[in-house]
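Residue numbers (our numbering): 310 to 655. Heads up, the beta-carbon is just placed ideally off N, CA and C, and yes, glycines get one too. Treat the numbers as computed from the prediction; the structure is a model and nothing was measured.
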């Protein structure tokens, strides 16, 4: 039944893609040798498409002399829901996707090492380490069904809430949106009631009281207008409370079908340096929405080192549980964490 449902979803998505493509090209002649469809879940004006995905696509088009055309489809315009993006690119329904690894819980277990609480302090450094560790551990395992173009994380995760959250006790009974399996487990262990949902669903969930709080980085707060929906924002100086891993991926067959010179252009603009750039850009884009929240008079709660230490102690149980889970999958979680820490330190 699951396979049948996936086939039906694939056919429906393919029909939607074909309809969009035909509408735009029925009376035109392609000047490009290759057209690639890039599908993602945020609106076009959000920071990631505006400052990362569009510049990447523009560069590919320019360096190919127009032989590659990248059609950009934001906000799930080609159909489906955000958790379906990775299967859309694997199945060839679309050619390139940007998505959250955790939207498909348990599918990318090794990538979760970068989502463990209080592991990240700098998104550029961690994104570089993420790519390097993926080359060592993930390209032939969970990332084998597609071609990774970029792997990165966002800046420090922040709690945005209706009521102030300072101590662990403030989480008791709070309905909180979290992005991934690891972060849901973390907040459940800390006393909240986590509710998983993709980023685009956050504004409606906050406005209707489905959730009382959400955890996202500052950079996406502006696009979602979160600081207009809640007034309290809890920051964790130093090591971040959490971060999220992203996948920027291409269909393998589509990549393999390209002539070698066009493959070279894709490769030259993908990989470790692009991943590091993307992580750095996301963290840099935190500044604007944070400043807007301050200007709006919102309550910015910056925890002291002593308060952060309390949260770190409480989060250790989530890390230990993850190690046990990885062992059950035949993955040495402790070794993976040690290697990730080593890569981030060098």
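Taking DSSP as the reference, what is the three-state secondary structure of residue i?
{"i": "residue 588", "result": "helix"}
{"i": "residue 544", "result": "strand"}
{"i": "residue 559", "result": "strand"}
{"i": "residue 660", "result": "Here the chain covers residues 310 to 655 and nothing more, so residue 660 does not appear."}
{"i": "residue 368", "result": "helix"}
{"i": "residue 580", "result": "coil"}
{"i": "residue 603", "result": "helix"}
{"i": "residue 611", "result": "strand"}
{"i": "residue 353", "result": "coil"}
{"i": "residue 344", "result": "strand"}
Are residue i and residue j closer than 7 Å when you measure CB to CB?
{"i": "residue 653", "j": "residue 438", "result": "yes"}
{"i": "residue 545", "j": "residue 461", "result": "no"}
{"i": "residue 624", "j": "residue 422", "result": "no"}
{"i": "residue 447", "j": "residue 416", "result": "no"}
{"i": "residue 433", "j": "residue 646", "result": "no"}
{"i": "residue 481", "j": "residue 500", "result": "yes"}
{"i": "residue 530", "j": "residue 454", "result": "no"}
{"i": "residue 483", "j": "residue 521", "result": "yes"}
{"i": "residue 551", "j": "residue 426", "result": "yes"}
{"i": "residue 381", "j": "residue 342", "result": "no"}
{"i": "residue 344", "j": "residue 368", "result": "no"}
Can you give the Cα-Cα distance for residue i and residue j, rounded to whole angstroms?
{"i": "residue 628", "j": "residue 642", "result": "10 Å"}
{"i": "residue 449", "j": "residue 429", "result": "25 Å"}
{"i": "residue 511", "j": "residue 570", "result": "42 Å"}
{"i": "residue 479", "j": "residue 618", "result": "16 Å"}
{"i": "residue 400", "j": "residue 609", "result": "44 Å"}
Hey, is residue i close to the ligand SAH, as in C-beta under 6 Å from one of its heavy atoms?
{"i": "residue 473", "result": "Absent from the structure shown: the ligand SAH. Ligands present: none."}
Unbroken stretches of the beta strand (DSSP E), 3 residues or longer, contained in the region 371-425: Runs found: 377-382 and 405-409.
Three-pair Cβ contact test at 8 Å for the region 389-402 versus the region 483-493: no
Cβ pair count under 8 Å reaching 3, the region 526-535 against the region 451-467: The region 526-535 vs the region 451-467: in contact.
Three-pair Cβ contact test at 8 Å for the region 449-460 versus the region 533-544: no
Uninterrupted alpha helix (DSSP H) stretches inside the region 494-553 (no shorter than 4 residues): 511-516 and 530-533
Segment contact, 8 Å Cβ cut-off, at least three pairs: the region 362-374 with the region 572-586: yes
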